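Residue numbering for the sequence shown follows the working numbering, beginning at 112 and increasing consecutively. A short write-up of the structure that comes next.
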Amino acid sequence: MERFFDYFTPAHYDLDLRINDEKTRINGTVVISGEAKAETIKLHAVRMEIKSVYLDGAKFEGFMHEDGVLTLEGVSVAAHEIKVKFISQIEADMEGAYLSTYENAGVTEKMVVTQFESHYARECFPCVDEPIAKATFSLKLTSVEDDTLLSNMPATFTTAQEGHKTVEFAESPRMSTYLLAFVAGKFCAKETVSKHGVKISVYAGLHQNMDDLDYAAQFAADVLDFYDDCFKTPFPLPKMDLVAVPDFEAGAMENWGLVTFREIALLANDKSSLDTKQYVAIVIAHELSHMWFGDLVTMAWWDDLWLNESFANMMETYSTDKIRPELRAWEDFYLTAVASSISRDSLPGVQPVRVDVKCVEDIANLFDGAIVYGKGSHLLLMLMRTMGEEAFFAGIADYFEKHKYSNTTADDLWNALTPHADFDVKEFMTPWLTQSGFPVVTTDQKQQRFLITGETDDTKYPIRELRDDLSGHYIINYSESELANKIQHIDAMNKEQKLRLLMDRRMLAKTDYVTSASLIPLVQAFANETDSVIWEIISAIVADLKLFFDQGTEEKRKFQAFVSKLALPNYRRLGAAAKDSDTYDDIQLRSTVMGMLLYSDNEEYVSDINNIYKGKDIAKVDANLRWVVGSTFVKEDSKIADKYFDLYLKTPDATLKRDLTDAITNMRDHDRAIAYLAHLKDGTVRPQDRLIFYLRLLRNHHIKDEVLDWMFANWDWLRQEEGDKTISEYPRYAANLIRRTHEAEKYKNFFNKYKNESILARDIAVGISEIDSRLKLYESDRDAVFAILDSLC
Ligand SMILES: [Zn+2]
């Protein structure tokens with residue numbers, strides 16, 4: 112792939128960007144100084160009009176601007192200064208410099224926000240938009256007078272005239288274009304100073320509550336200081352801004368010194384649910400670790416994106432656990448990074464952590480979260496536990512010291528770590544990172560690649576020692592007698608060992624290694640546990656078993672009775688309402704067992720919910736229980752969904768919106784489902800929330816046919832509206848929810864047409880083998896599951 116960095120090495124950008132009053136375009140001038148390495152200079156310049164080009168002060172007439180590339184030919188191989196005047200567009204598409212809006216006191220407020228990762232800086236100004244092309248940036252930004260203007264660096268000079276404000280920002284350190292950022296809009300804000308003296312500010316739109324900013328500010332201050340000490344290289348910028356943005360494609364973005372977030376990922380207060388507090392902390396910890404991994408030291412090219420993301424995903428957990436142990440960040444890691452990566456990595460054709468990136472479309476494809484984030488971080492945990500924490504972080508400190516303000520590849524990291532290890536780190540890690548999949552291992556260390564299809568191949572994975580904690584990216588297949596022995600001595604296992612046993616058996620049951628029926632006595636064996644994270648896995652196993660049951664059948668009734676019986680002892684102990692004496696486990700477990708009883712239509716549970724919550728304002732229900740209480744009411748009466756949707760549209764509270772989404776999507780009538788699908792298209796549901804709303808609807812088997820058909824009927828529209836990254840998530844996540852032959856046929860018939868489209872090809876192929884494996888499992892294990900349920904009745 113052609114790299115523009117090979118033609119021209121930028122050293123400094125002087126940017127003057129004027130946002131027009133309507134916030135629809137930017138009138139800009141950029142002066143780039145740097146070194147031409149060839150007689151041609153190429154700059155990325157997409158979605159913009161080039162007004163004029165000057166080379167070393169003289170007008171350059173013969174420039175070409177085609178297909179998003181600005182080309183200057185016939186230049187000398189020497190230092191140059193290129194000045195370009197341009198007009199770029201601001202659209203509401205969540206990439207480049209884009210528009211985000213919100214309602215406040217009856218007024219629509221507009222803000223301009225940037226999202227330049229992975230290759231969208233080129234939509235805002237001409238540049239060499241490649242991570243290796245690090246340069247310093249001086250930005251001068253103009254907008255309307257009452258806007259607050261922010262960028263990576265603090266403002267040094269502000270002028271106001273004729274209703275406009277111009278802010279000049281301090282020169283940035285050397286960094287990649289995708290990390291440049293600015294924001295212009297009206298905000299409420301809270302400030303604090305970290306113990307190490309960095310000014311921390313949290314911003315949100317005026318529609319948000321000031322009290323929701325403190326939690327993030329304090330956590331950000333603490334975690335930034337923690338990283339200073341942990342990485343032994345202090346945060347180099349004087350300030351750190353965190354901004355909640357109403358329209359945002361990903362979860363958050365690690366712009367150096369100006370991190371942007373979805374509102375749901377930043378705003379929290381004392382009354383927020385434990386899940387929200389944990390999520391907000393973890394997202395902040397993730398982004399702020401990128402201030403080192405990614406910002407201070409950046410991958411040379413996107414094929415080593417894992418250097419950024421796998422690390423951030425492990426560090427988010429490691430740091431949150433150290434500074435807020437009460438949030439139990441590792442438990443969240445086991446349930447998300449470990450469980451999702453093992454599950455996705457068992458599918459044939461899934462990408463490895465490290466992949467070749469040949470074209471721009473590949474970059475969008477790289478963000479398979481379960482692999483690049485989940486599996487990558489799981490492998491790093493395995494490495495950290497194998498090396499020992501102290502040795503591992505000594506190597507990391509060396510890495511930052513040696514490579515700060517520059518770019519690296521995997522080898523640079525291995526070279527920094529190996530002197531601190533008693534083995535060759537590169538030799539150990541490379542097969543794990545460059546091969547997809549993982550092995551199933553027996554206790555005598557015999558390994559075989561594990562695939563959900565039941566197939567296998569000759570791929571081998573290095574295992575230094577078989578660990579039965581959760582750090583090894585493999586499945587342990589105990590013999591029947593080993594398993595019986597473990598179950599007999601459940602109390603002798605620690606939490607990670609129990610989780611591993613449950614998670615490994617869950618995966619094995621998806622294949623011929625063991626029958627799904629064996630999961631039923633397994634979860635029964637753990638029924639006396641009061642640990643909430645163990646119950647999360649039990650609940651996930653129960654969710655897997657739902658595959659075998661059709662609506663209205665006797666078998667389903669028996670399974671529901673089984674689930675009720677499993678969940679009731681803890682439910683009766685905890686009740687359906689929060690108590691002052693609740694522990695962490697009580698709070699989390701209550702919502703888990705209530706979810707199980709909701710599924711099983713348990714009469715005692717439903718009557719309790721009616722007694723306690725009927726007629727109460729759902730917004731005021733305990734935040735930990737809102738989703739399940741709301742879901743129970745909508746499941747009883749679909750009309751309640753409309754009432755909740757009114758609130759959904761009115762409230763600025765993103766967490767409440769998410770809980771309401773969970774509840775609303777339990778509706779059972781087809782007409783209502785069709786009406787809500789229309790809301791995905793008419794803009795009533797924000798584009799950033801479309802995918803999650805859609806998948807929640809697709810999860811509901813009462814309306815699944817309509818919901819599936821909607822995606823196919825509206826595909827061309829979706830393809831146009833969604834970014835490359837999001838569009839590939841439709842076939843990926845829809846495949847998770849296909850249960851029956853006729854749904855599978857629809858999926859295949861439709862997506863087969865697109866299986867050669869580069870950004871969709873992998874997700875479609877992987878999706879089809881996932882679906883086929885599930886249908887096969889349904890056929891092979893159903894009778895045994897029914898038989899074991901019969902024996903229990
Ligand atoms: Zn990240």
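Even for Gly, the Cβ is constructed at its ideal location relative to N, Cα and C. The structure displayed is predicted, hence computed values, not measured ones.
Any non-hydrogen atom of ligand 1 within 7 angstroms of residue i CB
{"i": "alanine 423", "result": "yes"}
{"i": "histidine 531", "result": "no"}
{"i": "glutamate 202", "result": "no"}
{"i": "histidine 230", "result": "no"}
{"i": "histidine 489", "result": "no"}
{"i": "glutamate 360", "result": "no"}
{"i": "histidine 812", "result": "no"}
{"i": "histidine 853", "result": "no"}
{"i": "asparagine 366", "result": "no"}
{"i": "asparagine 825", "result": "no"}
{"i": "histidine 781", "result": "no"}
{"i": "arginine 721", "result": "Note on residue identity: the sequence assigns asparagine, not arginine, to residue 721. No, since every heavy atom of ligand 1 falls outside the 7 angstroms radius drawn around the Cβ of asparagine 721."}
{"i": "glutamate 420", "result": "yes"}
{"i": "histidine 155", "result": "no"}
{"i": "histidine 318", "result": "no"}
{"i": "histidine 397", "result": "yes"}
{"i": "histidine 401", "result": "yes"}
C-beta contact flag for residue i and residue j at 8 angstroms
{"i": "glycine 207", "j": "arginine 158", "result": "yes"}
{"i": "serine 711", "j": "glutamine 671", "result": "yes"}
{"i": "alanine 292", "j": "asparagine 263", "result": "yes"}
{"i": "asparagine 518", "j": "lysine 170", "result": "no"}
{"i": "proline 349", "j": "lysine 310", "result": "yes"}
{"i": "methionine 618", "j": "isoleucine 453", "result": "yes"}
{"i": "phenylalanine 346", "j": "serine 430", "result": "no"}
{"i": "leucine 888", "j": "phenylalanine 673", "result": "no"}
{"i": "alanine 423", "j": "threonine 520", "result": "no"}
{"i": "alanine 392", "j": "phenylalanine 478", "result": "no"}
{"i": "threonine 772", "j": "arginine 807", "result": "yes"}
{"i": "isoleucine 929", "j": "alanine 475", "result": "Residue 929 lies beyond the range of the chain shown here (112 to 904); nothing can be said about it."}
{"i": "alanine 845", "j": "serine 384", "result": "no"}
{"i": "leucine 614", "j": "isoleucine 648", "result": "The question names leucine, but residue 614 is methionine in the sequence shown. A contact, by the Cβ cut-off of 8 angstroms."}
{"i": "threonine 464", "j": "tryptophan 403", "result": "It is worth fixing the name first, because residue 464 is valine in this sequence and not threonine. Taking 8 angstroms as the Cβ cut-off, valine 464 and tryptophan 403 do not qualify as a contacting pair."}
{"i": "alanine 327", "j": "isoleucine 395", "result": "yes"}
{"i": "methionine 705", "j": "alanine 687", "result": "yes"}
{"i": "glycine 797", "j": "leucine 658", "result": "In the sequence as displayed, the identity of residue 797 is arginine instead of glycine. Cβ distance not < 8 angstroms, so arginine 797 and leucine 658 don't count as in contact."}
{"i": "phenylalanine 511", "j": "threonine 622", "result": "no"}
{"i": "tryptophan 367", "j": "serine 229", "result": "no"}
{"i": "aspartate 258", "j": "lysine 297", "result": "yes"}
According to DSSP, residues forming a beta bridge with residue i
{"i": "isoleucine 899", "result": "Beta-bridge pairing links isoleucine 899 to no other residue."}
{"i": "threonine 703", "result": "In the DSSP output, where bridge partners are listed per residue, threonine 703 has none listed."}
{"i": "proline 550", "result": "Arg560"}
{"i": "histidine 275", "result": "Val255 and Gln272"}
{"i": "methionine 286", "result": "Ala246"}
{"i": "valine 294", "result": "Val224 and Leu261"}
{"i": "phenylalanine 404", "result": "Val408"}
{"i": "alanine 266", "result": "Phe280"}
Alpha helix (DSSP H) segments (min. 4 residues) lying fully within the stretch 408–450 = 416–434 and 440–444
Given 8 angstroms, three or more beta-carbon pairs between the stretch 270–285 and the stretch 246–261 | Because the criterion of three Cβ pairs below 8 angstroms is met, the stretch 270–285 and the stretch 246–261 touch.
Taking only runs of the beta strand (DSSP E) that begin and end inside the stretch 176–264, which ones reach a length of at least 3 residues, in chain order?
-> 180–184, 190–200, 207–215, 218–226, 247–255 and 259–262
Count the CB pairs spanning the stretch 147–164 and the stretch 176–186 that are closer than 8 angstroms, and state whether there are at least three.
-> yes
Whole runs of the alpha helix (DSSP H) within the stretch 748–785, excluding any shorter than 4 residues | 751–761 and 765–775
Whole alpha helix (DSSP H) runs in the stretch 604–647 with 4 or more residues, listed along the chain?
-> Within the stretch 604–647, the complete alpha helix (DSSP H) runs of at least 4 residues are 606–619 and 630–636.
Are the stretch 351–358 and the stretch 370–389 touching, with three or more C-beta to C-beta distances below 8 angstroms?
-> yes
At which residue ranges does the stretch 499–537 contain complete alpha helix (DSSP H) runs of 4 or more residues, listed in the order of the chain?
-> 500–514 and 521–528
Kindly provide the ranges of any beta strand (DSSP E) runs that are 3 or more residues long and lie completely inside the stretch 124–172, ordered along the chain.
-> 136–147, 151–155 and 159–166
Just list the alpha helix (DSSP H) runs in the stretch 299–377, keeping only unbroken ones of 4 residues or longer that don't cross its boundaries, in chain order.
-> 325–342
Can you list the alpha helix (DSSP H) stretches of 4 or more residues lying completely in the stretch 843–898, in chain order?
-> Within the stretch 843–898, the complete alpha helix (DSSP H) runs of at least 4 residues are 852–862.
Are there three or more Cβ pairs, one per stretch, closer than 8 angstroms when the stretch 213–230 is compared with the stretch 181–192?
-> no
Does the pairing of the stretch 440–449 with the stretch 481–491 give three or more beta-carbon distances under 8 angstroms?
-> By the C-beta criterion, the stretch 440–449 is judged to be in contact with the stretch 481–491, since at least 3 inter-stretch pairs fall below 8 angstroms.
Three or more beta-carbon pairs under 8 angstroms between the stretch 623–631 and the stretch 893–902, yes or no?
-> Yes, since at least three Cβ pairs between the stretch 623–631 and the stretch 893–902 fall closer than 8 angstroms, the two stretches touch.
State whether the stretch 741–761 contacts the stretch 772–781, with contact taken as three or more CB pairs (one from each stretch) at a distance under 8 angstroms.
-> yes
Touching or not, the stretch 130–143 and the stretch 231–243, by the rule of three or more beta carbon pairs under 8 angstroms?
-> yes
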